[in-house]
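Engineer:
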Ligand SMILES: Nc1ncnc2c1ncn2[C@@H]1O[C@H](COP(=O)(O)OP(=O)(O)O)[C@@H](O)[C@H]1O
Ligand SMILES: [Mg+2]
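In this note's numbering, the protein residues as written are 3 to 304.
(1) Quick one, which of 33, 219, 191 has its alpha-carbon nearest residue 155's?
(2) From the DSSP output, in three-state form, read off residue 271 for me.
(3) Could you tell me which of 78, 199, 210, 269 sits nearest to residue 218, measuring between CA atoms?
(4) Closer than 6 Å by C-beta to residue 114: which residues in its own chain qualify, once you throw out the five before and the five after it? Chain order, please.
(5) What are the boundary residues of the beta strand (DSSP E) that includes residue 25?
(6) How many angstroms separate the CA atom of residue 287 from the CA atom of residue 103?
(7) Leaving out five residues on either side along the sequence, give the residues of the same chain with a beta carbon under 8 Å from the beta carbon of residue 292.
(8) Identify whether residue 119 lies in helix, strand or coil by the three-state DSSP scheme.
(9) Rounded to whole angstroms, what's the CA-CA distance from residue 162 to residue 263? Just pull it up for me.
(10) Can we count residue 285 as close to ligand 1, meaning its CB is less than 7 Å from some heavy atom?
(11) Going along the chain, which residues of its own chain have a beta-carbon closer than 8 Å to the beta-carbon of residue 227, five neighbours each way excluded?
(12) Can you check which of these residues, 11, 17, 42, 60, is closest to residue 31 by C-alpha distance?
(13) Just the C-alpha distance for residue 127 and residue 203, rounded to the nearest angstrom, thanks.
(14) With 16 other CB atoms within 10 Å as the buried threshold, where does residue 11 fall?
(15) Considering just the uninterrupted stretch of the alpha helix (DSSP H) at residue 171, what are its terminal residues?
(16) Should residue 171 be counted as a contact of ligand 1 given a C-beta to heavy atom distance under 7 Å?
(17) Does the beta-carbon of residue 71 have 16 or more other beta-carbons within 10 angstroms, so that it is buried, or is it exposed?
(18) Quick check: the stretch 268-283 against the stretch 210-217, are there 3 or more CB pairs under 8 Å?
(19) Need the endpoints of the alpha helix (DSSP H) that residue 243 sits in, please.
(20) Applying the criterion that 16 or more other CB atoms from any shown protein chain within 10 Å of the CB defines a buried residue, is residue 172 buried or exposed?
(21) What does DSSP give as the partner residues of residue 157 in its beta bridges?
(22) Answer with buried or exposed for residue 308, where buried requires no fewer than 16 other C-beta atoms within 10 angstroms of its C-beta.
(23) To the nearest angstrom, how far is it from the Cα of residue 63 to the Cα of residue 205?
(24) If you draw a straight line from the alpha carbon of residue 22 to that of residue 123, how long is it in whole angstroms?
(25) Alpha carbon to alpha carbon, how far is residue 51 from residue 121?
(26) Could you please give me the residues that DSSP links to residue 265 through a beta bridge?
(27) Could you give the C-beta distance for residue 249 and residue 284, rounded to a whole number, given that I count them as a contact under 8 Å?
(28) From the beta carbon of residue 144, is the nearest beta carbon of chain D less than 8 Å away?
(29) Provide the residue(s) that pair with residue 34 in DSSP beta bridges, ordered along the chain.
(30) Quick check: residue 182 and residue 8, are their CB atoms within less than 8 Å of each other?
(31) Residue 160: buried (16+ other C-beta within 10 angstroms of its C-beta) or exposed?
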């Protein structure tokens, strides 16, 4: 995909190169946030800087699979092959922050802390388009307050995110950078978004193998909700073929995602499909209410 930058993007590049720090990109859905993030990473790396990306968009993520917050560090003129190496991920378990603000914020903070520890010169935080209305504004406000960014980069069609920006106008002054939208932005339909997510999951699980986990000593976190919003008993939940789960180590780090294939209750054995090789590292399973059926699964099972 060829990125056609606005002239304002080069001014932003110069500012970030000089000032450095944390920049959070804000805007509604389809405003060009991720494209701007890619442009900034590529060009700041080209200028010799070490750039971290926290991809907090759990729906249309480009770093890591959907339902996760991704983090990676780039330096020196990366090719997109390098960029797309497996990032570190934090499993949120949903493709929208609605109904899961606390874990979404926890994951974003966790990855931002990793970005700080990596010694990156600049940290770019890409976000979901969930920003309009009271709930969207509240989520973004909490995110900004938690991450203390140096720059708020605002992409808006007209004035739709001004109610959020005005909360920071006093303290941020010239640190709020308002950018017009590119006429290159191509809005995507719900169906295109769904297909994008399915492809991202397929890509993530393409080298998955079937693994067996004895769950006796495994901690189980989270819950599975049925379509009515009621919590399913664990034994029922684990029987859902295609249930998406997070596999975590004993430091609460997401090692990988898994998809439940079947559960043999008498043996306490859960069969899962996962790209994780060392299943022994898994100490906690984090449940979700997402179902994922990777297309390529049949080729991986024997
Ligand atoms: N400056 C640009 N040059 C070329 N294509 C763009 C540009 N900005 C956005 N697009 C296209 O528009 C679509 C939506 O942009 P995206 O950055 O994913 O938006 P957002 O992250 O805000 O949802 C993408 O398919 C992207 O390729
Ligand atoms: Mg995006």
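By construction, the Cβ of each residue, glycine as well, lies at the ideal position given by its N, Cα and C atoms.
All values derive from a computational prediction rather than experimental measurement.
Structural biologist: According to the structure shown:
(1) On the chain shown, residue 155 is found 153 positions in, with the first residue counted as 1. Selection 33, 219, 191 evaluated against residue 155 yields 33 as nearest (Cα-Cα).
(2) The residue given as residue 271 occupies position 269 in the chain shown. It is a strand residue.
(3) For this step, residue 218 is matched to residue 216 along the chain shown. Of 78, 199, 210, 269, the residue nearest in Cα terms is 269.
(4) Here residue 114 is taken as the residue at index 112 of the chain shown, counted from 1. Excluding sequence positions up to five before and after residue 114, its CB lies within less than 6 Å of the CB of 56, 149, all in the same chain and listed in chain order.
(5) Taking the chain shown and counting its residues from 1, one reaches residue 25 at position 23. Taken as a continuous stretch (DSSP letters only), the beta strand (DSSP E) holding residue 25 covers 23-29.
(6) Translated into the one-based positions of the chain shown, residue 287 becomes position 285. Translated into the one-based positions of the chain shown, residue 103 becomes position 101. Going from the Cα of residue 287 to the Cα of residue 103 covers about 20 Å.
(7) Counting from one through the chain shown, the residue named residue 292 turns up at place 290. The residues are 69, 95, 96, 97, 245, 246.
(8) Locating residue 119 in the chain shown gives position 117, where the first residue counts as 1. Looking at residue 119 - three-state DSSP - the assignment turns out to be helix.
(9) Against the chain shown, residue 162 aligns to sequence position 160. Against the chain shown, residue 263 aligns to sequence position 261. Rounded to whole angstroms, residue 162 to residue 263 spans 44 Å at the Cα level.
(10) Indexing the chain shown from 1 puts residue 285 at position 283. It does not: the Cβ of residue 285 is nowhere closer than 7 Å to a heavy atom of ligand 1.
(11) In the chain shown, residue 227 corresponds to position 225, counting from 1. So the list reads 233, 234, 291, once near-sequence residues are dropped.
(12) Within the chain shown, residue 31 is the residue found at index 29, counting from 1. Of the candidates 11, 17, 42, 60, the one whose C-alpha sits nearest the C-alpha of residue 31 is 60.
(13) As a first step, residue 127 must be located in the chain shown, where it is residue number 125. As a first step, residue 203 must be located in the chain shown, where it is residue number 201. Those two C-alpha atoms are separated by around 22 Å.
(14) Stepping through the chain shown from its first residue, residue 11 is reached at position 9. Buried.
(15) Counting from one through the chain shown, the residue named residue 171 turns up at place 169. Residues 164-174.
(16) Mapped onto the chain shown, residue 171 falls at position 169. No, since every heavy atom of ligand 1 falls outside the 7 Å radius drawn around the Cβ of residue 171.
(17) Taking the first residue of the chain shown as 1, we reach residue 71 at position 69. Buried: at least 16 other Cβ atoms inside 10 Å.
(18) Contact between the stretch 268-283 and the stretch 210-217 is present, because at least three Cβ pairs lie under 8 Å.
(19) Counting from one through the chain shown, the residue named residue 243 turns up at place 241. It is not in any alpha helix (DSSP H) - residue 243 carries neither H nor E in the DSSP assignment.
(20) To locate residue 172, count along the chain shown from 1; it is residue 170. Burial call: exposed.
(21) Position 155 of the chain shown, counted from the start, is the residue given in the question as residue 157. Its beta-bridge partners are 29, 181.
(22) The shown model of the chain, from 3 to 304, leaves out residue 308, and the question about it has no answer.
(23) Counting from one through the chain shown, the residue named residue 63 turns up at place 61. Counting from one through the chain shown, the residue named residue 205 turns up at place 203. Distance between the alpha carbons of residue 63 and residue 205: 13 Å.
(24) Sequence index remark: in the chain shown, residue 22 carries index 20 (1-based). Sequence index remark: in the chain shown, residue 123 carries index 121 (1-based). Their Cα atoms are separated by approximately 6 Å.
(25) What you label residue 51 is simply residue 49 of the chain shown in a count that begins at 1. What you label residue 121 is simply residue 119 of the chain shown in a count that begins at 1. Taking the straight line joining both Cα atoms gives about 11 Å.
(26) Here residue 265 refers to the residue found at position 263 when the chain shown is read from its first residue. Per DSSP, 272.
(27) Your numbering for residue 249 matches position 247 in the chain shown. Your numbering for residue 284 matches position 282 in the chain shown. 5 Å between Cβ atoms; contact.
(28) Of the chains in the structure shown, none is chain D; there is only one protein chain.
(29) Counting from 1 along the chain shown, the entry for residue 34 is found at position 32. Answer by DSSP bridge pairing: none, since residue 34 is not bridged.
(30) In the chain shown, residue 182 corresponds to position 180, counting from 1. In the chain shown, residue 8 corresponds to position 6, counting from 1. Taking 8 Å as the Cβ cut-off, residue 182 and residue 8 qualify as a contacting pair.
(31) Counting from 1 along the chain shown, the entry for residue 160 is found at position 158. With fewer than 16 other Cβ atoms within 10 Å, it is exposed.
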